[in-house]
Amino acid sequence: MTSRPAVGLPVVELGGGSLSAEARRIAAELAADTVASRITDADPSAWGPETSGAADGLGWAALPRTSRPLIGQVDALREAFRVDGAARVLLVGDARWTLGAEVLASAGTDSLLKVLDSPDPGVVAHALAGDLSGTVLVVVDPMGTTEWIAAVHRLLAAAVAEEIGPRRAAERTVVLTDAGSPLDEWARAAGSTVVTTERDVPAAFSVLGAPGLVPAGLAGAPVGEVLAEARAVAELLTADDPQNPALELAGVLVACGSGPVRLDPEFGPPGLAEWVASLVAVAGGTPVLLDPVDPDGLPAGPTLAPATAADPTAAPDDLSELLGPAPAPRRMPDDELSGYTDPVPDPDDPDEVVATGGPLGAELLLWQYAAAAAARLLDGDPFADAPGGLPAPPPAAPQEERSSDGIVTVFAGDWLTGSPTAAEALQALVDAVPHGGHLAVSGWLDPSDDASIAVLRGELARRAEVPVTFGWAPRDRALTAPFRAAEPRPGVLCVLTGDAPEDLVPDPGPLPASLALTEAGIVAAEVAARGVPVLRLHLTDRVAGLVLLARAIQGLRPRPGAAGEDQ
């Protein structure tokens with residue numbers, strides 16, 4: 001790599017602190033071990049036999065080339081749907097597969113992609129309330145057996161059919177699934193379009209495959225351009241060179257170890273930081289998304305700022321054009337990166353800032369190579385959901401109901417004794433946060449109508465004096481992944497669920513609420529099976545429950561020993 005990145009190439013900005021020095025050392029180690037070229041050659045020996053799905057999960061490295069035929073198919077479908085009066089794209093699927101499409105859709109100024117990645121009745125109701133007569137329904141489920149996806153798909157398909165008729169509704173449905181899956185057989189019989197997903201591509205690495213390109217392209221995103229950007233940098237990222245930006249970025253992730261990797265969503269397009277978080281998690285890291293409104297109380301650590309260039313045809317004069325304002329910028333020596341601004345405010349600051357950037361396609365491939373390379377040294381298993389990967393562990397026994405006041409019902413495992421109120425149970429959970437750990441809050445609710453829950457994160461951190469992270473489930477797999485690892489990171493988990501609101505218009509019926517509770521229970525049991533304290537608070541009345549929860553947080557006491565503890 002030259003001292004100044006060429007036009008259109010990905011950028012990784014390392015500073016002068018100890019983290020960056022260690023990252024450069026690790027990059028050199030990865031280069032000596034020919035990790036980058038082995039990724040490109042689909043050689044599973046780069047990870048060893050412990051990485052379960054590597055032998056069948058490296059097809060993603062070839063996607064910038066092998067996905068090219070998809071572009072023509074997507075363009076033809078989009079034009080046919082446009083002529084038929086359908087421009088809105090409703091994507092249904094697990095967030096592991098849909099996050100990539102959301103990031104790609106951000107590249108389109110007029111993208112009409114809406115993602116439904118939760119069976120929460122409020123989320124489903126919002127989807128049903130859209131313009132169904134002008135909707136293209138896209139369903140992504142490679143295995144074709146996910147219960148909640150199948151149920152929501154049937155619900156939406158029936159609603160679209162009521163608007164435009166069964167035959168046209170089937171013709172406006174695009175299914176992304178493995179060849180021969182139950183969903184594949186159903187869709188072909190119904191007359192829907194089937195796009196076969198890549199069997200050797202794990203979910204976290206599928207953005208440049210069918211699950212990412214097809215929904216985003218149908219919604220108007222310039223996916224052909226993004227794919228070309230990735231193809232243009234593939235040779236750079238496959239080089240076994242210590243200055244390969246992917247190896248440098250992998251070095252940053254490895255240098256962070258089991259500590260938090262703080263991801264700043266401010267500078268990138270919508271969804272990019274969240275997509276990056278999923279990669280960091282499968283690589284074996286601990287991602288934390290920064291809260292732009294209230295960052296207090298989040299785990300301290302290095303901050304990574306993924307971004308994309310607004311105009312990939314011209315190299316910026318400095319990183320402020322690419323990343324926005326950086327704190328106390330200083331100039332790097334001319335022989336390092338002439339004309340660029342280093343976003344690291346102080347080389348002696350332990351909370352270093354590492355910035356990445358470039359055209360979107362280049363940025364996506366950069367992070368994928370970095371995560372795969374980092375997994376080699378972080379003991380991550382980024383290919384576990386590829387064919388041949390290990391299945392999910394059997395869930396532990398369901399949590400027991402401990403108490404209910406008619407507004408909030410408390411569920412917990414053996415770590416909680418007695419029949420505590422919601423406030424008492426929350427206090428017990430705070431007291432159970434181990435030294436150096438954090439409290440994660442997973443909201444299995446509606447991000448639109450229940451948005452006030454996210455605001456409570458900052459207050460919870462201040463009152464309890466422990467680091468607190470928050471995410472909307474089930475898309476928050478990166479938040480709970482550190483707890484589901486073979487060696488769970490220190491911390492505790494609070495799962496928030498709720499009954500369906502009574503005023504949903506249109507009302508999707510009782511099934512989505514039941515499906516959401518089932519999915520939340522499975523995640524809670526999986527985390528509890530790792531020995532992590534898990535508390536589930538179920539809001540039988542969402543509005544009243546949120547008020548009660550806010551009052552419980554206001555009455556919290558700091559965890560014993562928390563005062564003065566480094567966060």
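In this text, residue positions in the sequence shown follow UniProt numbering: the first is 1, and each later residue adds one.
Using N, Cα and C, we set each Cβ at its ideal position, and we do this for glycine too.
Residue pairing by DSSP places residue 196 opposite 177 in a beta bridge.
According to DSSP, residue 471 shares a beta bridge with 442.
For residue 412, the secondary structure class from DSSP, reduced to helix, strand or coil, is strand. According to the DSSP assignment, residue 537 belongs to the beta strand (DSSP E) that extends over 534 to 539. Residue 10 places its beta carbon 8 angstroms or farther from that of residue 303.
Apart from the 5 residues on each side of it in sequence, residue 286 sits with its Cβ closer than 7 angstroms to the Cβ of 258, 259, 260, 261, 482 and 489 in its chain, given in chain order. The shortest CA-to-CA distance from residue 110 to any of 87, 122, 117 and 452 is the one to 87. The Cβ neighbour count for residue 188, taken over all protein chains shown within 10 Å, is under 16; the residue is labelled exposed. Apart from the 5 residues on each side of it in sequence, residue 402 sits with its Cβ closer than 6 angstroms to the Cβ of 410, 412 and 419 in its chain, given in chain order. Looking only at 138, 544, 501 and 255, the smallest Cα-Cα distance to residue 194 is reached by 138. In the DSSP assignment, residue 404 is bridged to 409.
The beta carbon of residue 178 lies closer than 8 angstroms to those of 142, 143, 144, 184, 196, 197 and 199 in the same chain, with the five residues before and after it left out. Here residue 376 is buried. Its C-beta has 16 or more other C-beta atoms within 10 Å. Our two residues, residue 301 and residue 352, have alpha carbons roughly 8 angstroms apart in a direct line. For residue 305, the enclosing beta strand (DSSP E) stretches over residues 303 to 306. The alpha carbon of residue 191 has as its nearest neighbour, out of 131, 202 and 175, the alpha carbon of 175. Looking only at 506, 511, 447 and 462, the smallest Cα-Cα distance to residue 115 is reached by 447. A direct Cα-to-Cα measurement between residue 204 and residue 158 gives close to 30 angstroms. Of all alpha-carbon atoms in 90, 240, 527 and 279, the one lying nearest the alpha-carbon of residue 140 is that of 90. Proximity to residue 235 across 527, 365 and 254 peaks at 365, based on C-alpha coordinates. Under the DSSP definition of a beta bridge, residue 494 partners with 441 and 535. Residue 495 is not a Cβ neighbour of residue 466, given a cutoff of 8 angstroms. Exposure of residue 555 is indicated by the presence of fewer than 16 other C-beta atoms within 10 angstroms of its C-beta.
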